[in-house]
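S.K.: Counting from 1, position 103 in the sequence shown corresponds to residue 384 in my numbering; the numbering is continuous, with no gaps.
Built from N, CA and C at the ideal position, the CB exists for glycine as well.
Keep in mind it's a predicted model, so treat the numbers as computed, not measured.
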Amino acid sequence: MAITYKSKIGLELVIPMGVILGGVLVLSALEAPHWLGPLILLPVIGFIYHLFTTTYYQIDQEILVIKSSFFINLRIDIRSIHSIKETYNPLSSPATSIDRLEIRFGVGKMVLVSPKDKTAFIREIQRINPKVTILLRQKSKP
Numbered sequence: 282m283a284i285t286y287k288s289k290i291g292l293e294l295v296i297p298m299g300v301i302l303g304g305v306l307v308l309s310a311l312e313a314p315h316w317l318g319p320l321i322l323l324p325v326i327g328f329i330y331h332l333f334t335t336t337y338y339q340i341d342q343e344i345l346v347i348k349s350s351f352f353i354n355l356r357i358d359i360r361s362i363h364s365i366k367e368t369y370n371p372l373s374s375p376a377t378s379i380d381r382l383e384i385r386f387g388v389g390k391m392v393l394v395s396p397k398d399k400t401a402f403i404r405e406i407q408r409i410n411p412k413v414t415i416l417l418r419q420k421s422k423p
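1) Thinking just about the alpha-carbon of each residue, which of Gln342, Ile409 and Thr336 is nearest to the one in Ile353?
2) Quick test of your reading: Ile340 and Glu405, contact by CB under 8 Å. State the CB separation rounded to the nearest angstrom.
3) Under 9 Å, do Leu393 and Ala376 count as touching if we go by C-beta distance?
4) Go to Met391, then tell me how far its beta strand (DSSP E) extends in each direction, as first and last residue.
5) By Cβ distance below 7 Å, which residues in the same chain neighbour Ser350 in space, the five residues on each side in sequence not counted?
6) To which residues of the same chain is Tyr338 closer than 6 Å at the C-beta, ignoring the five residues directly before and after it?
7) Compare the C-alpha of Ile284 against each of Gln342, Leu320 and Leu306 and name the closest.
8) Please identify the residue among Ser378, Gly304 and Thr414 whose C-alpha is closest to the C-alpha of Ile365.
9) Quick one, which of Ile326, Asn370, Lys412 and Ile403 has its alpha-carbon nearest His363's?
10) By alpha-carbon positions, which one of Ile379, Pro297, Ser288 and Leu306 ends up nearest to Val325?
11) Since Lys227 is in the beta strand (DSSP E), which residue starts that stretch and which ends it?
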């Protein structure tokens with residue numbers, strides 16, 4: 282039975298994009314012709330929304346499926362995963378938050394993901410491949 286983990290949607294990505302695209306949309310609507318800016322920007326905003334809502338990670342038996350819209354459909358054998366490390370790496374990836382997990386697998390391969398429930402995601406990977414090294418950030422104490 283496959284287990285699906287939705288991608289965490291980070292405000293650190295949503296707010297800047299919303300401000301920039303919203304601002305450009307408003308400014309373009311004030312310019313003549315009024316319809317041209319929104320006509321161009323609304324599909325862009327819709328596409329970004331689509332990317333954010335269709336990014337997920339699925340564990341199906343011993344395969345990790347990473348899906349993001351129609352662009353990314355990556356399949357990783359969980360037994361080939363060497364390590365999982367928490368990171369804030371901003372590289373382009375199938376992750377909708379900067380709060381990410383760096384997954385190293387195969388020979389020199391790496392992917393960044395941002396599952397909403399990182400603990401359950403890591404636990405399930407470890408259940409299938411107990412040899413995976415997990416590197417978590419230290420939580421600061423008050």
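M.R.: The short version:
1) Reading the sequence shown from its first residue, position 72 is the one you call residue 353. Nearest C-alpha to Ile353: Thr336.
2) The residue given as residue 340 occupies position 59 in the sequence shown. The residue given as residue 405 occupies position 124 in the sequence shown. 5 Å between Cβ atoms; contact.
3) Translated into the one-based positions of the sequence shown, residue 393 becomes position 112. Translated into the one-based positions of the sequence shown, residue 376 becomes position 95. Result yes, Cβ atoms of Leu393 and Ala376 sit closer than 9 Å.
4) By one-based count along the sequence shown, residue 391 stands at place 110. Start and end: Lys390 to Val394.
5) What you label residue 350 is simply residue 69 of the sequence shown in a count that begins at 1. Around Ser350: His331, Leu332 and Thr335.
6) Within the sequence shown, the letter at position 57 stands for residue 338. Tyr286, Ile347, Val394 and Pro396.
7) Counted from its first residue, the sequence shown places residue 284 at position 3. Here the closest residue by C-alpha is Gln342.
8) Here residue 365 refers to the residue found at position 84 of the sequence shown. Among Ser378, Gly304 and Thr414, the Cα nearest to that of Ile365 belongs to Thr414.
9) By 1-based counting over the sequence shown, the position of residue 363 is 82. Selected option, being the one with the closest Cα: Lys412.
10) Counted from its first residue, the sequence shown places residue 325 at position 44. If we check each option's Cα against that of Val325, Leu306 comes out closest.
11) Nothing can be reported for residue 227, as the shown portion of the chain is limited to 282 through 423.
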